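Data first, discussion second: the structure below is written as structure tokens.
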Amino acid sequence: MDIEQFRKAGYQAIDRICDYYYSLENRPVISKVEPGYLKDHLAQSIPEKGEDFQIIADDYQRFIVPGLTHWQHPSFFAYFPTACTFEGILADLYATSACNPGFNWSSSPACTELEASVMDWAAQLLGLSPVFLNGSGTGGGSLQSTASDSALIAVVAARSLYQRDHHNTKMEDLVIYTTTQTHSLGLKAGLILGLSVRALEVTAEDEFALRGVTLQKALDDDEKQGKKPFILIATVGTTSSGAIDNIPEIQQVVKKQPSLWVHIDAAWAGAALSCPENRERCYLKEINEFANSFCTNFHKWGLVNFDASTLWVRNRRHLTDALDVTPPFLRTTHGDAGTVIDYRNWHLALGRRFRSLKMWFVFRSFGAEGFRSYIRRTIQLNKKFAEYVSLSDKLILVTSPSLALTVFRLSPKSISPAQPALDEQSLNNLNRLFYGRISARDDIMLTQTVLNGVYCIRLAVGAARTNESHIKQACDLLHKEAELAIEAWEQSIIEESQ
Numbered sequence: 009m010d011i012e013q014f015r016k017a018g019y020q021a022i023d024r025i026c027d028y029y030y031s032l033e034n035r036p037v038i039s040k041v042e043p044g045y046l047k048d049h050l051a052q053s054i055p056e057k058g059e060d061f062q063i064i065a066d067d068y069q070r071f072i073v074p075g076l077t078h079w080q081h082p083s084f085f086a087y088f089p090t091a092c093t094f095e096g097i098l099a100d101l102y103a104t105s106a107c108n109p110g111f112n113w114s115s116s117p118a119c120t121e122l123e124a125s126v127m128d129w130a131a132q133l134l135g136l137s138p139v140f141l142n143g144s145g146t147g148g149g150s151l152q153s154t155a156s157d158s159a160l161i162a163v164v165a166a167r168s169l170y171q172r173d174h175h176n177t178k179m180e181d182l183v184i185y186t187t188t189q190t191h192s193l194g195l196k197a198g199l200i201l202g203l204s205v206r207a208l209e210v211t212a213e214d215e216f217a218l219r220g221v222t223l224q225k226a227l228d229d230d231e232k233q234g235k236k237p238f239i240l241i242a243t244v245g246t247t248s249s250g251a252i253d254n255i256p257e258i259q260q261v262v263k264k265q266p267s268l269w270v271h272i273d274a275a276w277a278g279a280a281l282s283c284p285e286n287r288e289r290c291y292l293k294e295i296n297e298f299a300n301s302f303c304t305n306f307h308k309w310g311l312v313n314f315d316a317s318t319l320w321v322r323n324r325r326h327l328t329d330a331l332d333v334t335p336p337f338l339r340t341t342h343g344d345a346g347t348v349i350d351y352r353n354w355h356l357a358l359g360r361r362f363r364s365l366k367m368w369f370v371f372r373s374f375g376a377e378g379f380r381s382y383i384r385r386t387i388q389l390n391k392k393f394a395e396y397v398s399l400s401d402k403l404i405l406v407t408s409p410s411l412a413l414t415v416f417r418l419s420p421k422s423i424s425p426a427q428p429a430l431d432e433q434s435l436n437n438l439n440r441l442f443y444g445r446i447s448a449r450d451d452i453m454l455t456q457t458v459l460n461g462v463y464c465i466r467l468a469v470g471a472a473r474t475n476e477s478h479i480k481q482a483c484d485l486l487h488k489e490a491e492l493a494i495e496a497w498e499q500s501i502i503e504e505s506q
């Protein structure tokens, strides 16, 4: 493909992307294809001779688009939102047009310096302490691929620091602390590094938040057994329920445990800190006072296209001491002088993508005001959904609504006048039937979870095109499916009794 062929193909690609978004609301949310569908449309091996690009582009429309789950659909309420803005799409295009690995300043000064600047912009947007700014010269932030990578990097840095301060510590004695509601990133970090992971119990009575007394007891127990907890992954906005760990109580415990690194995983909910009214609820003051590292994903609720996970550390030397590998061929005059940041020492890989361009485009286009407006709008939409659940005679809230997330379940007072209220196992089975009906539809997508044995359903608001009409549609659909699930349950009881 020469330059003019690229120009023509590029025009067509933009047109087709625009057509896709114009038609998005009329598409099913969930793909209707069956597993293995694509292999019937693909050649068995790479073509021996190159094909005409128009054929390739048309095949994308014919075979790939039908297999997509449309996360940008206004009726996508599953998992958490994945951001996608036209500004981000264009930034990705520009970034890949000047592809460079960005492993040090010299390999592309703009790549490094823009990242340092937009990470400071993002920290200021969220209200993080000045110590986390790259401009502080002490702490700083860098872009990672996902929150799992950010957590893994924090664990590596925390382990390295602990072992430097405690030379005789055995690897098998080191322990990563998570909770029973922490994202799987904690377990995965332990699996990758060969370290023990202890999940501390959280309860419904505490809204599934980690309490200080639970942390202190675990520390005391492990000390008696000679174990060495070296990092706690605390969460602001858990995946299952949106729970926020009790950071003030954790802070009081950690004051007596200076060797315990505290990493704050705010992968989803961190974007809410952009709005000052959410900061007390999310314990920003305490996070700024003592957290060693903080992560949030702008590619979730932050309008920046995947991938854009932001990781800040209070002391950048703890990262670079753990991750700095500089063979002669990577040495540069500026790097040796310490006048530039070499971001390869802030993550596990060597090369890195020009992700900061997406953040720069999005931040400048939306501005802080536009960003906060989007966050507030989605929170308000979730409040409307939670109000519907509260007024329903069939649905109940399982936890208090958390920002833009509601966890609920079907819980009729009784199936029929002749039947008593359902026990917990029966309620779980009824909700599995209810969710099965919802997940069989292609015009909406929600996800399931289990909270300490309670089967429930999650609705997360965040797609940029979702508005109040889509919330109402979701409510009407859930009401209809709830009635049908109850009818099916009643019928099954009748059949079992005969």
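Reading the sequence shown from the start, the letters are residues 9 to 506 in our numbering. Think of the CB as a built atom: it goes at the ideal place given N, C-alpha and C, for glycine as much as any other residue. Please read all numbers here as calculations on a predicted model, not as lab measurements.
Contact under 9 angstroms by Cβ, residue i with residue j
{"i": "Met367", "j": "Ala51", "result": "no"}
{"i": "Ala165", "j": "Ala274", "result": "no"}
{"i": "Leu195", "j": "Val210", "result": "no"}
{"i": "Arg449", "j": "Glu495", "result": "no"}
{"i": "Ser153", "j": "Met453", "result": "no"}
{"i": "Thr243", "j": "Asp228", "result": "no"}
{"i": "Thr247", "j": "Thr407", "result": "no"}
{"i": "Leu411", "j": "Gly250", "result": "yes"}
{"i": "Leu413", "j": "Ala468", "result": "yes"}
{"i": "Leu338", "j": "Pro109", "result": "no"}
{"i": "His191", "j": "Ser267", "result": "no"}
{"i": "Leu208", "j": "Val163", "result": "no"}
{"i": "Leu169", "j": "His326", "result": "yes"}
{"i": "Gln69", "j": "Arg24", "result": "yes"}
{"i": "Leu136", "j": "Ile200", "result": "no"}
{"i": "Asn551", "j": "Ile97", "result": "Coverage of the chain is limited to positions 9 through 506, which leaves residue 551 absent and any answer about it impossible."}
{"i": "Lys264", "j": "Val183", "result": "no"}
{"i": "Leu151", "j": "Arg363", "result": "yes"}
{"i": "Pro89", "j": "Thr318", "result": "no"}
{"i": "Leu486", "j": "Val415", "result": "no"}
{"i": "Val73", "j": "Tyr28", "result": "yes"}
{"i": "Thr328", "j": "Trp113", "result": "no"}
Residues sharing a beta bridge with residue i, DSSP
{"i": "Leu151", "result": "Thr318"}
{"i": "Met453", "result": "Phe84"}
{"i": "Leu405", "result": "Phe416"}
{"i": "Ser204", "result": "Val183"}
{"i": "Ile252", "result": "Val244"}
{"i": "Ser31", "result": "Answer is none; Ser31 lacks a bridge partner."}
{"i": "Ser410", "result": "Leu413"}
{"i": "Ile272", "result": "Ala242, Phe302"}
{"i": "Pro237", "result": "Val183"}
Beta-carbon proximity list for residue i, same chain, < 7 angstroms, skipping 5 on both sides
{"i": "Ser373", "result": "Glu95"}
{"i": "Gly278", "result": "Leu134, Val244, Thr304"}
{"i": "Tyr87", "result": "Thr455, Ala468"}
{"i": "Phe298", "result": "Gln259, Val262, Val270"}
{"i": "Ile295", "result": "Ile255, Ile272, Phe302"}
{"i": "Leu311", "result": "Ala91, Thr93, Val370, Phe374, Phe379, Tyr382"}
{"i": "Gly75", "result": "Ser39, Val41, Tyr45, Leu46"}
{"i": "Leu365", "result": "Ala99, Tyr102, Ala103, Leu122"}
{"i": "His78", "result": "Leu32, Arg35, Val37, Phe84"}
{"i": "Ala493", "result": "Leu418, Leu438, Leu441, Phe442, Arg445"}
Own chain partners of residue i with C-beta closer than 6 angstroms, once the 5 adjacent residues on each side are dropped
{"i": "Ser116", "result": "Asn108, Gly110"}
{"i": "Arg380", "result": "Ser282, Cys283"}
{"i": "Ser447", "result": "none"}
Residues of its chain near residue i, where Cβ-Cβ distance is below 8 angstroms and the 5 sequence neighbours each way are ignored
{"i": "Asn475", "result": "Pro82, Leu389"}
{"i": "Met9", "result": "Ala17, Phe61"}
{"i": "Thr146", "result": "Val139, Arg322, Asn323, Arg324"}
### Query
Does the region 317-325 come close enough to the region 133-144 to have 3 or more Cβ pairs within less than 8 angstroms?
As far as the Cβ criterion goes, the region 317-325 touches the region 133-144, which means the pair count is three or higher.
### Query
Do the region 334-354 and the region 115-125 touch if we need at least three Cβ pairs shorter than 8 angstroms?
Result yes; three or more Cβ-Cβ pairs closer than 8 angstroms.
### Query
Pairing CB atoms from the region 267-284 with CB atoms from the region 48-68, are three or more of them under 8 angstroms?
Using a C-beta cut-off of 8 angstroms, the region 267-284 makes no contact with the region 48-68, since fewer than three inter-stretch Cβ pairs fall below that distance.
### Task
Decide yes or no for the touch test of the region 231-241 against the region 264-271: beta carbon pairs closer than 8 angstroms, at least 3 of them.
With contact defined as three or more Cβ pairs closer than 8 angstroms, the region 231-241 and the region 264-271 are in contact.
### Message
Is it the case that the region 472-481 contacts the region 217-233, given that we only count it when at least three CB pairs across the two stretches are under 8 angstroms?
### Response
The region 217-233 is not in contact with the region 472-481.
### Task
Would you be able to state if there are at least three C-beta pairs under 8 angstroms between the region 304-313 and the region 331-338?
These segments do not touch.
#### Entry: Whole runs of the alpha helix (DSSP H) within the region 442-503, excluding any shorter than 4 residues
Counting whole runs of 4 or more residues, the region 442-503 contains no alpha helix (DSSP H) stretch at all.
#### Entry: Every unbroken beta strand (DSSP E) inside the region 302-388 [3 residues or more]
List check, beta strand (DSSP E) in window: 317-321.
### Message
For a minimum of 4 consecutive residues, which ranges assigned as the alpha helix (DSSP H) are wholly contained in the region 38-97?
### Response
Qualifying alpha helix (DSSP H) stretches, in chain order: 61-67.
### Message
For a minimum of 4 consecutive residues, which ranges assigned as the alpha helix (DSSP H) are wholly contained in the region 128-178?
### Response
Fully enclosed alpha helix (DSSP H) runs of no fewer than 4 residues occupy 155-173 of the region 128-178, in order along the chain.
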